[in-house]
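Residue numbering for the sequence shown follows UniProt numbering, beginning at 1 and increasing consecutively. First the structure, in the form of structure tokens, and then the observations on it.
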Amino acid sequence: MRSRLRISTSRAGPVMIRAIVRVLALGVALGTGRALAADMPPQIDQTYAVYSHGFRVLAIAARYSVTPTGYAVRATMKSGGLMGLLFHMNITSQATGRFVADGVQPLTYDSAGFSRGADRHVVMAYDDGRARIALQTPPETGRDPIPSDDMAPAVDSLSALMRLQQAVRTRHACDGSAVVFDGARLLRMEARTIGTEQMPDDSHQPYHGMALRCDFSDVQIAGFRRSDGPDSPARRPILGSVWFQDAQGNGETAVRIVFDHPKLGRLAVMLRPQE
Numbered sequence: 001m002r003s004r005l006r007i008s009t010s011r012a013g014p015v016m017i018r019a020i021v022r023v024l025a026l027g028v029a030l031g032t033g034r035a036l037a038a039d040m041p042p043q044i045d046q047t048y049a050v051y052s053h054g055f056r057v058l059a060i061a062a063r064y065s066v067t068p069t070g071y072a073v074r075a076t077m078k079s080g081g082l083m084g085l086l087f088h089m090n091i092t093s094q095a096t097g098r099f100v101a102d103g104v105q106p107l108t109y110d111s112a113g114f115s116r117g118a119d120r121h122v123v124m125a126y127d128d129g130r131a132r133i134a135l136q137t138p139p140e141t142g143r144d145p146i147p148s149d150d151m152a153p154a155v156d157s158l159s160a161l162m163r164l165q166q167a168v169r170t171r172h173a174c175d176g177s178a179v180v181f182d183g184a185r186l187l188r189m190e191a192r193t194i195g196t197e198q199m200p201d202d203s204h205q206p207y208h209g210m211a212l213r214c215d216f217s218d219v220q221i222a223g224f225r226r227s228d229g230p231d232s233p234a235r236r237p238i239l240g241s242v243w244f245q246d247a248q249g250n251g252e253t254a255v256r257i258v259f260d261h262p263k264l265g266r267l268a269v270m271l272r273p274q275e
């Protein structure tokens, strides 16, 4: 399955957060892995704001480093605004890996913080190219177990998303598919290149002009809650679009993302100007 990996891209509350993470190539306050630290260039800082029905609901602080052969990335996400009144979350996820001819080769992944009413910690291990869950606390007892063979080809969300950014920067295209583990669920991501176009106007959007647009879909394939019946929103694909532009002089970066959430409707993620 790894030979097919070219890209990756996206319930209320925490599920919305995981959908956003899968669409962004992000990171914050990052500590690179030993295997890559000596080769890493200066870190790039970015911030994103997430809007629902015109209200800002989430802040994402980002920092990452990329070379032609590897990456290190860490993302911190905090609820805020109107959404902060409804639920609390504060999660930091970080990953390192290498770019290879057929995609990415993740090396480390660790995600920890408060979400879904509890302190949670997930660590991924990659043994001979096969992914597995090395640590998951508390256990996801309310979900169907993910078979090890199904889990084996998966990459973590941040590694898959760094591959998407790399594909856009090197090929100016984003066509492909991937199997991704987001800490609780297994998903299949697909994306296709639409082309360069004028970005839509939006009162919250600081960047304008021509940008590369990619459309994506995201569907859960394993790790369902036992309460998820055949008509559950969890089984519906998430559809959306992402626009890439070299808005800050760091190379093409996702500056605008919109997708339709099965419960919350249209969500928008906007890159904020550097201060």
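All C-beta atoms, glycine included, are put in the ideal place defined by N, C-alpha and C.
Let me know if Leu58 comes out buried or exposed under the rule of 16 or more other beta-carbons within 10 Å of its beta-carbon.
Taking the sequence shown and counting its residues from 1, the one referred to as residue 58 is at position 58. Buried, by the Cβ-count rule.
**Report entry** Buried or exposed (CB count within 10 angstroms, at least 16 for buried), residue 281
**Finding:** No answer is possible for residue 281: the residues shown for the chain start at 1 and end at 275.
Exercise. Hey, how far is the Cα of Pro206 from the Cα of Arg163?
Worked result: Locating residue 206 in the sequence shown gives position 206, where the first residue counts as 1. Locating residue 163 in the sequence shown gives position 163, where the first residue counts as 1. Taking the straight line from one Cα to the other gives about 25 Å.
Query raised in the report: Considering only the beta carbon of each residue, do Ala268 and Phe244 sit closer than 9 Å?
Result: Here residue 268 corresponds to residue number 268 of the sequence shown, with the count starting at 1. Here residue 244 corresponds to residue number 244 of the sequence shown, with the count starting at 1. 9 Å or more divides the Cβ of Ala268 from the Cβ of Phe244.
**Asked** Where does Met151 fall in DSSP's three states?
**Response** Your numbering for residue 151 matches position 151 in the sequence shown. Met151 sits in a helix when the DSSP states are folded into three classes.
Item checked: Contacts around Arg266, its chain only, beta-carbon distance under 7 Å, and the 5 residues preceding and following it disregarded -> In the sequence shown, counting from the first residue as 1, residue 266 sits at position 266. Closer than 7 Å at Cβ, skipping near neighbours: Val258 and Asp260.
In this structure, does DSSP put Ser159 in helix, strand or coil? The residue labelled residue 159 in the question sits at position 159 within the sequence shown. If DSSP states are grouped into helix, strand and coil, Ser159 belongs with the helices.
Exercise. What are the boundary residues of the beta strand (DSSP E) that includes His172?
Worked result: Walking along the sequence shown from the start, residue 172 turns up at place 172. No beta strand (DSSP E) holds His172; DSSP gives it neither H nor E.
Proximity to Tyr64 [Cα-Cα], best of Val123, Leu158 and Asp150: Here residue 64 corresponds to residue number 64 of the sequence shown, with the count starting at 1. With distances taken between Cα atoms, Tyr64 lies closest to Leu158.
- Task: Would you decide whether residue 276 is buried or exposed? Buried here means 16 or more other CB atoms lie within 10 Å of its CB.
- Result: This structure cannot settle anything about residue 276, because the visible part of the chain is limited to 1 through 275.
Practice task
Check whether the Cβ atoms of Arg192 and Val219 lie closer than 9 Å to each other.
Solution key: Residue numbering aside, residue 192 sits at position 192 when the sequence shown is read from its first letter. Residue numbering aside, residue 219 sits at position 219 when the sequence shown is read from its first letter. Cβ distance not < 9 Å, so Arg192 and Val219 don't count as in contact.
Considering only residues of the same chain and omitting the five flanking positions on each side of Arg188, which have a CB-CB separation below 7 Å?
-> Within the sequence shown, numbered from 1, the residue matching residue 188 stands at position 188. Cβ within range, chain order: Ser177, Val179, Val219 and Ile221.
Contact belief for Tyr48 with Ala62 at Cβ below 8 Å, rounded distance in angstroms
Within the sequence shown, the letter at position 48 stands for residue 48. Within the sequence shown, the letter at position 62 stands for residue 62. Rounded to the nearest angstrom, the Cβ distance from Tyr48 to Ala62 is 7 Å, consistent with a contact under 8 Å.
Check: Can you tell which of Glu197, Glu190 and Asp182 has the C-alpha that lies nearest to the C-alpha of Val155?
Finding: The residue you call residue 155 lines up with position 155 of the sequence shown. Nearest C-alpha to Val155: Asp182.
Rounded to the nearest angstrom, what separates Ile133 and Pro106 at their Cα positions?
The residue you call residue 133 lines up with position 133 of the sequence shown. The residue you call residue 106 lines up with position 106 of the sequence shown. Taking the straight line from one Cα to the other gives about 13 Å.
C-beta atoms of Gly97 and Arg225 nearer than 9 Å: Here residue 97 refers to the residue found at position 97 when the sequence shown is read from its first residue. Here residue 225 refers to the residue found at position 225 when the sequence shown is read from its first residue. It is not a contact, given that the beta carbons lie outside the stated cut-off.
From what residue to what residue does the beta strand (DSSP E) around Ala184 run? Position 184 of the sequence shown, counted from the first residue, corresponds to residue 184. In this chain, Ala184 is not harboured by any beta strand (DSSP E), its DSSP state being neither H nor E.
- From residue 276 to Met270, what distance separates their C-alpha atoms? It is not possible to answer for residue 276, since the shown part of the chain is limited to 1 through 275.
Give the C-beta separation of Ser241 and Asp201 to the nearest angstrom, bearing in mind that I take them to be a contact with Cβ-Cβ under 8 Å. Translated into the one-based positions of the sequence shown, residue 241 becomes position 241. Translated into the one-based positions of the sequence shown, residue 201 becomes position 201. Not a contact, Cβ separation roughly 15 Å.
inquiry  = On the criterion of 16 or more Cβ atoms from any shown chain inside 10 Å, does Leu135 qualify as buried, or is it exposed?
reply    = As a working note, residue 135 is residue 135 in the sequence shown. Exposed, by the Cβ-count rule.
*asked:* Let me confirm a value: Thr69 is counted as buried when at least 16 other C-beta atoms fall within 10 Å, else exposed. Which label applies?
replied: On the sequence shown, position 69 is the one that residue 69 refers to. Exposed, because fewer than 16 other Cβ atoms sit within 10 Å of the Cβ of Thr69.
Distance, Cα to Cα, Gly113 vs Gly54? Position 113 of the sequence shown, counted from the first residue, corresponds to residue 113. Position 54 of the sequence shown, counted from the first residue, corresponds to residue 54. Straight-line spacing of the CA atoms in Gly113 and Gly54 works out to 27 Å.
- For the beta strand (DSSP E) that contains Phe224, what are its first and last residues? Taking the sequence shown and counting its residues from 1, the one referred to as residue 224 is at position 224. For Phe224, there is no enclosing beta strand (DSSP E), as DSSP marks it with neither H nor E.
How many Å lie between Gly223 and Ala131 at the Cα?
Translated into positions along the sequence shown, residue 223 becomes position 223. Translated into positions along the sequence shown, residue 131 becomes position 131. Annotation: Gly223 to Ala131 spans about 15 Å, alpha carbon to alpha carbon.
Measure the C-alpha to C-alpha separation of Ser115 and Ala173 and round it to an integer number of angstroms. Residue numbering aside, residue 115 sits at position 115 when the sequence shown is read from its first letter. Residue numbering aside, residue 173 sits at position 173 when the sequence shown is read from its first letter. Across the structure, Ser115 and Ala173 are spaced so that their CA atoms are roughly 34 Å apart.
Those residues which DSSP pairs with Gly54 across a bridge: In the sequence shown, the residue the question calls residue 54 occupies position 54. BP columns for Gly54 are empty, so no partner.
So what's Pro206 in DSSP terms, helix, strand or just coil?
As a first step, residue 206 is located in the sequence shown; it is residue number 206 there, counting from the start. Look at Pro206 here: in three-state DSSP terms it is coil, with no helix or strand label.
* Proximal residues to Phe45 (C-beta, below 6 Å), its chain only, five neighbours per side dropped -> As a first step, residue 45 is located in the sequence shown; it is residue number 45 there, counting from the start. Note that residue 45 is Asp in the sequence shown, not Phe. Result list for Asp45: Arg63, in chain order.
Can you find the residues in the same chain that come closer than 8 Å, C-beta to C-beta, to Asp228, ignoring five residues on each side of it along the sequence? Taking the sequence shown and counting its residues from 1, the one referred to as residue 228 is at position 228. Excluding sequence neighbours, Asp228 sits near Ala234 and Arg235.
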